[in-house]
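Colleague: Below is one structure. I have some questions about it.
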Amino acid sequence: MSSDTSFLGYSVPVEVKRCLPILNKIKDLQKIELVADFVLAYLAGGDFTEEMFNQICVDLDFERKICSTLFTGLYYVLRHAIRNRVKSNGFKMGLEELKVPNKTINQIWKAYLKRKEELELILQSNSFEFPTLDDLNWRVDITISSSTMSMALKPSIFVEMKLSDGSVKQFEMSVLRFHQMRYYVAKTLKDMQDLEQLQILKLDK
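Counting the sequence shown from 1 gives a position; the working numbering is that position plus 7.
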């Protein structure tokens, strides 16, 4: 990820945006630490029951819906931090851009540091080490003629991918296949976003 890009990505998740007004109103840093610890325990695979969540709402003196919004927003923030192995400066810069107070940022980071190593080991053990995309080049070729047609003028798209393991993958597709690929990539990304939201829907019940 580019150093100019927040660890939250180019587009801040809507769950984080919804959380910000609530997060910025909390003056008691112990409450922020309480929620952050709860989220981190959940990310580490700890038990998560409705009774536990209700107790958190009581301790924070917040309505259930507000607690759900706050928990979900911090869940996205801390999960992105773990996945990107973000460092202190990157974490603070990312939240400062969202106008989160410095004291609040420091409190969340302090809670995160306590379980950072444990969470990264869990992430590593649950991850598949597939090569990532380092570079992508493409061009449009025009077939002027073929063995059966003197003037074909048929476009095709040639793609070359360079992966992090040093391998190079090349393939060619028709314009129709290219549009099909675009559709399925967009559909897959949408399905992934929907799946990410399913695991926290029970908070709103």
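Just so it is clear, CB atoms sit at the ideal spot from N, CA and C, and this is done for glycine as well.
1. My assumption, with CB atoms under 8 Å, is that F78 sits in contact with V42. Please give the rounded CB distance.
2. Can you give, in chain order, each stretch of the alpha helix (DSSP H) that sits fully within the segment 66–133 and has at least 4 residues?
3. Between the alpha carbons of C26 and S75, how many angstroms are there, rounded?
4. Near F45, which residues of its chain fall below 6 Å by C-beta distance, leaving aside the five closest residues on each side in sequence?
5. Just to confirm my understanding: we take F14, look at its own chain, exclude 5 residues before and 5 after, and list those with CB closer than 8 Å. What are they?
6. For I73 versus I33, is the C-beta spacing smaller than 8 Å?
7. State buried or exposed for G52, treating a residue as buried only when at least 16 other CB atoms are found within 10 Å of its CB.
8. Alpha carbon to alpha carbon, how far is Q200 from H186?
9. Between K32 and chain B, is the shortest Cβ-Cβ distance under 8 Å, so that the two count as touching?
10. Looking at C-alpha atoms only, which residue of E103, L85, E179, L170 is the closest neighbour of T139?
11. Specify the secondary structure class of L170 as computed by DSSP and reduced to three states.
12. Measure the Cβ-Cβ separation of V182 and I164 and say whether it is below 8 Å.
13. Cβ of L50 within 8 Å of Cβ of L85?
14. Applying the criterion that 16 or more other CB atoms from any shown protein chain within 10 Å of the CB defines a buried residue, is Q206 buried or exposed?
15. Look at the alpha carbon of D66 and the alpha carbon of K194, and state the distance between them as a whole number of angstroms.
16. Compare the Cα-Cα distances from G173 to each of V147, R189, V19, D142 and report the closest residue.
17. Can you tell me the Cα-Cα spacing of E167 and E58, whole angstroms?
Modeller: On the basis of the data shown:
1. 6 Å
2. 71–90, 95–103, 109–132
3. Answer to the nearest angstrom: the Cα atoms are 9 Å apart.
4. Excluding positions up to five away in sequence, the list reads I63.
5. Within the same chain, Cβ atoms closer than 8 Å to the Cβ of F14 are found at M8, H87, A88, N91, V93, G97, F98, G101, the five residues on either side in sequence being excluded.
6. no
7. exposed
8. 21 Å
9. Structure shown: chain B not included; a single protein chain is present.
10. L170
11. strand
12. Yes, the pair counts as a contact, with Cβ atoms nearer than the cut-off.
13. yes
14. For Q206, the predicted model reports a pLDDT of 48, less than 50, meaning its position is unreliable and no value from the coordinates is stated.
15. Straight across, the Cα-Cα distance linking D66 with K194 is about 41 Å.
16. D142
17. If you take the alpha carbons of E167 and E58, they lie about 53 Å apart.
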